[in-house]
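Engineer: Shown below is the structure under consideration.
Protein chains in written order, with the working numbering: chain A, 1 to 487; chain B, 1001 to 1217.
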C-alpha cells in the first residue's frame, strides 16, 4: 500500500501500545458477554416457539386449548424473538468486539452497553408476552407493539454511543472492510426501524413500506454484521490476507446501492404499482454482483486451507455460513422473478429460503464468531471439542434438512395450487411429509442450541476442566506441523 | 515482542490471547476479467428487464396482466344460477327438499296453485311478499313472507325457474322479461299480497303475456 509521508507520521502516532489486545478485550468483556448470553437466551426461547409452530403443521389439533399457544401467536413470537433477540443482540455483541479489535482502542462508557442490554431484554420480554397475549400488530416482521420498537431503537442508540466514541479515538490509520460494514449497519438498522415506525403509512403504501423494511432488516442490518465477521475471521484464523481490497470496496458499495431496492419483489401479483415491483426485481438480480464479489473474496482467501476449516470450530461455522450466503443470495435473485413466483409465492418454499438466510448464513456465522471471541474474553477454553462437534452437526444437518424439505415441498405445494383440477386441501396434504422432515430438522437444530447454551454457560462461569491450548476438532499436530494451511 | 502465532499452524499451547496472528492487510489482487463480464451482463439484463416491464411508471397494479384482465372483461356475462339464489335466500325456510316446515313454512314442492300454476302468482309473491291465511296442499298456513323485489329480474326469473322445475315440479320456465313486465305493472304496490288477491284472474297473469294458460282449479 502506498503511504505518503504524512500518513506514515499519522500511523506512527496512532500505533497501539504492546499488549493492546488484552486492554481492548478487557474493556469490552462484560458488555459483549451480556449481549451474547442474552441473545442465546432468546435463541432458546425462539427455538421452543419454532418447534411449537412446526409441530402444529403435523398435528393441527395439538395445544389449541390456550389461545396463547395457537399458531397465529406462536409463529410471530418465534420470528420476533429470533430477529430482535437472538440475531440482533448477539450480533451487537459480536460487532462490538470486532469494532474494538479493529480500531485497536478500548471501550469507554462500557456501562452504557450494559444498560442497553437490560433495556433491550425488558423490551423483548414485554413484546413476546404481548404477542402471546394477542396484542400483535399483524404486520409481518413487525408484530411487536409499536412502543417495543421505540424501546429497542433507544437501546441500540445507547449501545452505539460508546462505539462512536471509539471511532473518534481509533488507533489505526486504515479502516478494515469489516468496519465499513458494521458502521453502515449501525446507521441503516436504526434508520429502517425509525422510518417504518412512523405513523404515516396506509393501505398499499403500508404494504410497500412493510416489505421494504422486512427485506432490508435482513440485508442491511443482519447481513452486514455477518459479512463483517466473515471478513475478519477467515483471514484471521487462516493467517492469510483477504484476497483483494478492490473486491472489498466493490462488494461493499454495490450492496449499499442495490439491496435497498430489493424488498418489493414480495408484492408480485399484489395491488402495488407494478413498476415498483419491476425495479425491485431488477435490483434483486443486480444483487448477483455484490454476492459474487464477496464470495470470490472470501472463498479465494479460504481456498487451499481445507485443513484449517476442518479443524477450527470458528472457521468451520463461518465458512459454512459464507457458503450459505452465496447460495441464499443467488437463490433469492432467481426467486424474485415473476414466472418463478407464480409457483412459489405464498408457499413453504419462501420459508425455506428465509431460513437459509437467517440461519444457515447469519446464525452459523454468529456461532463461529462466538467460538473465537469467548475464550479471549474469559481467558478460559471451551470445555469439549466433542460437544462443539455435536453442535455443528446437529445444526448443519438440521438446517440442511429444513431447507431441502421446504424447498421441495413448497414447489410441490405451489404446483398443486396452480392445478385447477386439484382442491385446496390436496395442496396442503402434499406438503405433509416435507413438513415432518422440517419438524425433525428443527428438533435437531434445537438440540444443537441447547448444547451451545450449555457450552456458553460453562465458559462464562469457567466450569469444566482447566484446559491448556485451543479446543480444535482434531489434536493439534505437535512436531513439524509444517504450516501447509498458512502457505 | 514477536507477534504471537496461531497454534493451528504451529502447535503451541498458549492462552487464547497469545496465540493470535495479526490480521494481515488486504491483498491487492485485481478483479478477474470474468467478473467484469458478469457485472456487465447483470447490468445489461437489469436495463433490459426494466425497459420491458416498467410500464411507463403506470400506477396500474395489473399492468403485467392487462391482457388477462381484458380477456375476463370480454367474456359473456355468466348466467345467474337459480339454485345458488335458492340456497342463499329461500332454503332457510322452505328447506333443501322444498317441503317447508310443517305448519310454519309452506312447501314449494307440488304447491300447484302457488308455484307451478300461472306464472303471475309466484312472480308477485317474490316481488312483494305474502301474508295471511293460505291453503297449500290441504294445510292452512298463516305466516308472513318478505318480498325480494331488491333482486334483479334475472335473479328472480332464475330462482323461480329453479323452483318450478325442481323436486316433483315440472312447470314452464319464467323469463326475466316476464318478471320485468309484472314489476312494471305493479310498480305502485308495496304491501304483501293475500291469498284472495292472487287467486283473481288479474293477479295470476303476466301483462303482455296473457296467453298463459290458467291450469289450476
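Each residue gets a CB set at the ideal place from its N, CA and C atoms; glycine is no exception.
How big is the Cα-Cα spacing for residue 52 of chain A and residue 353 of chain A?
Structural biologist: The sequence position of residue 52 of chain A within the first chain is 52, counting from 1. The sequence position of residue 353 of chain A within the first chain is 353, counting from 1. Rounded to whole angstroms, residue 52 of chain A to residue 353 of chain A spans 20 Å at the Cα level.
Engineer: Mind checking if residue 242 of chain A is an interface residue toward chain B, Cβ cutoff 8 Å exclusive?
Structural biologist: Taking the first chain and counting its residues from 1, one reaches residue 242 of chain A at position 242. Yes, because at least one Cβ of chain B sits closer than 8 Å to the Cβ of residue 242 of chain A.
Engineer: The stretch 145-177 of chain A: which residues have C-beta closer than 9 Å to a C-beta of chain B, in chain order?
Structural biologist: Within the stretch 145-177 of chain A, the residues whose Cβ lies closer than 9 Å to some Cβ of chain B are 174, 176, 177, listed in chain order.
Engineer: Give me whichever residues DSSP pairs with residue 1140 of chain B in a beta bridge.
Structural biologist: Walking along the second chain from the start, residue 1140 of chain B turns up at place 140. Residue 1140 of chain B pairs with B/1135.
Engineer: Along chain B, in chain order, which residues have C-beta atoms closer than 9 Å to that of residue 270 of chain A?
Structural biologist: In the first chain, residue 270 of chain A corresponds to position 270, counting from 1. What residue 270 of chain A touches in chain B: 1061.
Engineer: Can you look up residue 1058 of chain B in the DSSP assignment and give me helix, strand or coil?
Structural biologist: Within the second chain, the letter at position 58 stands for residue 1058 of chain B. Note: residue 1058 of chain B maps to coil in three-state DSSP.
Engineer: Can you name, in chain order, every residue of its own chain whose Cβ lies under 7 Å from the Cβ of residue 308 of chain A, other than the five neighbours on each side?
Structural biologist: As a first step, residue 308 of chain A must be located in the first chain, where it is residue number 308. Excluding positions up to five away in sequence, the list reads 237, 238, 315, 485.
Engineer: Could you compute how far the alpha carbon of residue 184 of chain A sits from the alpha carbon of residue 1027 of chain B?
Structural biologist: As a first step, residue 184 of chain A is located in the first chain; it is residue number 184 there, counting from the start. As a first step, residue 1027 of chain B is located in the second chain; it is residue number 27 there, counting from the start. Their backbone Cα atoms lie some 23 Å apart in a straight line.
Engineer: Compare the Cα-Cα distances from residue 1127 of chain B to each of B/1154, B/1109, B/1057, B/1024 and report the closest residue.
Structural biologist: Position 127 of the second chain holds residue 1127 of chain B. The residue with the shortest Cα to Cα distance from residue 1127 of chain B is B/1154.
Engineer: What does the alpha-carbon distance come out to for the pair residue 179 of chain A and residue 1015 of chain B?
Structural biologist: Here the question's residue 179 of chain A lines up with position 179 in the first chain. Here the question's residue 1015 of chain B lines up with position 15 in the second chain. Residue 179 of chain A and residue 1015 of chain B: Cα-Cα distance of roughly 27 Å.
Engineer: Where does residue 374 of chain A sit, in a helix, a strand or coil, going by DSSP?
Structural biologist: Residue 374 of chain A sits at position 374 when you count from the first residue of the first chain. Helix.
Engineer: Taking only three categories from DSSP, how would you classify residue 38 of chain A?
Structural biologist: Stepping through the first chain from its first residue, residue 38 of chain A is reached at position 38. Three-state DSSP puts residue 38 of chain A in a helix.
Engineer: Between residue 250 of chain A and the rest of its own chain, which residues show a CB-CB distance below 7 Å, the 5 nearest in sequence each way excluded?
Structural biologist: By one-based count along the first chain, residue 250 of chain A stands at place 250. Correct list, in chain order: 293.
Engineer: Check for me: the alpha helix (DSSP H) holding residue 252 of chain A runs from which residue to which?
Structural biologist: Along the first chain, one-based indexing puts residue 252 of chain A at 252. Taken as a continuous stretch (DSSP letters only), the alpha helix (DSSP H) holding residue 252 of chain A covers 245-258.
Engineer: Return no unless some Cβ of chain A is closer than 8 Å to the Cβ of residue 1038 of chain B.
Structural biologist: As a first step, residue 1038 of chain B must be located in the second chain, where it is residue number 38. It does; some Cβ of chain A falls within 8 Å.
Engineer: Assuming residue 363 of chain A and residue 447 of chain A are in contact, meaning their beta carbons sit under 8 Å apart, how far apart are those beta carbons, in whole angstroms?
Structural biologist: As a working mapping, residue 363 of chain A is identified with position 363 in the first chain. As a working mapping, residue 447 of chain A is identified with position 447 in the first chain. Contact flag wrong, Cβ pair sits at about 15 Å.
Engineer: Just to check my reading of the structure: residue 259 of chain A and residue 220 of chain A have Cβ atoms closer than 8 Å, yes? What is that Cβ distance to the nearest angstrom?
Structural biologist: For the purposes of this step, residue 259 of chain A is taken as the residue at position 259 of the first chain. For the purposes of this step, residue 220 of chain A is taken as the residue at position 220 of the first chain. 6 Å between Cβ atoms; contact.
Engineer: Output, in chain order, the set of chain A residues within a Cβ distance shorter than 8 Å of residue 1042 of chain B.
Structural biologist: Here residue 1042 of chain B refers to the residue found at position 42 of the second chain. Going along chain A in sequence order, the residues near residue 1042 of chain B (Cβ under 8 Å) are 285, 286, 288, 289.
Engineer: Give the residues from the stretch 1075-1092 of chain B that approach chain A closer than 9 Å (Cβ to any Cβ), ordered along the chain.
Structural biologist: Correct list: empty, as no residue qualifies.
Engineer: Going straight from the alpha carbon of residue 1136 of chain B to that of residue 1079 of chain B, what length do you get?
Structural biologist: The residue labelled residue 1136 of chain B in the question sits at position 136 within the second chain. The residue labelled residue 1079 of chain B in the question sits at position 79 within the second chain. Taking the straight line from one Cα to the other gives about 31 Å.
Engineer: DSSP state of residue 89 of chain A, grouped into three classes?
Structural biologist: By one-based count along the first chain, residue 89 of chain A stands at place 89. Helix.
Engineer: If you draw a straight line from the C-alpha of residue 1017 of chain B to the C-alpha of residue 101 of chain A, how long is it?
Structural biologist: On the second chain, position 17 is the one that residue 1017 of chain B refers to. On the first chain, position 101 is the one that residue 101 of chain A refers to. Looking at the two C-alpha atoms, the distance is approximately 12 Å.
Engineer: With 8 Å as the threshold, decide whether the Cβ of residue 1028 of chain B is near any Cβ in chain A.
Structural biologist: Counting from one through the second chain, the residue named residue 1028 of chain B turns up at place 28. Residue 1028 of chain B counts as touching chain A.
Engineer: Please report how far the alpha carbon of residue 82 of chain A lies from the alpha carbon of residue 42 of chain A, in whole angstroms.
Structural biologist: Numbered from its first residue, the first chain carries residue 82 of chain A at position 82. Numbered from its first residue, the first chain carries residue 42 of chain A at position 42. Going from the Cα of residue 82 of chain A to the Cα of residue 42 of chain A covers about 7 Å.
Engineer: With burial defined as no fewer than 16 other Cβ atoms inside 10 Å of the residue's Cβ, what is the status of residue 462 of chain A: buried or exposed?
Structural biologist: On the first chain, position 462 is the one that residue 462 of chain A refers to. Burial call: exposed.
Engineer: Mind checking if residue 246 of chain A is an interface residue toward chain B, Cβ cutoff 8 Å exclusive?
Structural biologist: On the first chain, position 246 is the one that residue 246 of chain A refers to. Answer yes: the Cβ-Cβ gap between residue 246 of chain A and chain B drops below 8 Å somewhere.
Engineer: Given 7 Å as the limit, tell me if residue 1192 of chain B has its C-beta closer than that to any heavy atom belonging to the ligand PLP.
Structural biologist: Judged by which ligands are present, the structure shown has none, so any question about the ligand PLP falls away.
Engineer: Going by Cα to Cα distance, which pick from A/205, A/359, A/168 is closest to residue 223 of chain A?
Structural biologist: Residue mapping note: residue 223 of chain A aligns to position 223 of the first chain, counting from 1. Closest by alpha carbon: A/359.
Engineer: Threshold first: 4 residues or longer. Then list the alpha helix (DSSP H) segments lying entirely within the stretch 1097-1128 of chain B, N to C.
Structural biologist: 1120-1128, all fully within the stretch 1097-1128 of chain B.
Engineer: Decide if the stretch 1088-1107 of chain B is in contact with the stretch 1153-1168 of chain B; the criterion is three or more beta carbon pairs, one per stretch, under 8 Å apart.
Structural biologist: Judged by Cβ distances under 8 Å, the stretch 1088-1107 of chain B makes contact with the stretch 1153-1168 of chain B, as three or more pairs qualify.
Engineer: Name the chain B residues whose beta carbon is nearer than 9 Å to that of residue 273 of chain A?
Structural biologist: For the purposes of this step, residue 273 of chain A is taken as residue 273 along the first chain, with counting starting at 1. Under the 9 Å cutoff, chain B gives 1055, 1057, 1058, 1059, 1060, 1061, 1063.
Engineer: In chain order, what are the residue ranges of uninterrupted alpha helix (DSSP H) at least 4 long that sit wholly in the stretch 261-336 of chain A?
Structural biologist: Correct list: 274-286, 288-302, 306-311, 313-335.
Engineer: What's the call for residue 205 of chain A, buried or exposed, on a 16-neighbour Cβ count within 10 Å?
Structural biologist: To locate residue 205 of chain A, count along the first chain from 1; it is residue 205. Residue 205 of chain A is exposed by the Cβ-count criterion.
Engineer: Let me know the secondary structure DSSP gives residue 1004 of chain B once reduced to three states.
Structural biologist: As a first step, residue 1004 of chain B is located in the second chain; it is residue number 4 there, counting from the start. Only weak support is given to the placement of residue 1004 of chain B: the predicted model assigns it a pLDDT of 45, under 50, and the value that follows is read from those uncertain coordinates. The answer is coil: DSSP assigns residue 1004 of chain B none of H, G, I, E or B.
Engineer: CA-CA distance, residue 1143 of chain B and residue 1076 of chain B?
Structural biologist: As a working mapping, residue 1143 of chain B is identified with position 143 in the second chain. As a working mapping, residue 1076 of chain B is identified with position 76 in the second chain. Rounded to whole angstroms, residue 1143 of chain B to residue 1076 of chain B spans 41 Å at the Cα level.
Engineer: Would you mind giving the Cβ-Cβ distance between residue 104 of chain A and residue 171 of chain A, rounded to the nearest angstrom? I have them listed as a contact below 8 Å.
Structural biologist: In the first chain, counting from the first residue as 1, residue 104 of chain A sits at position 104. In the first chain, counting from the first residue as 1, residue 171 of chain A sits at position 171. Sure, about 4 Å apart at Cβ, within 8 Å.
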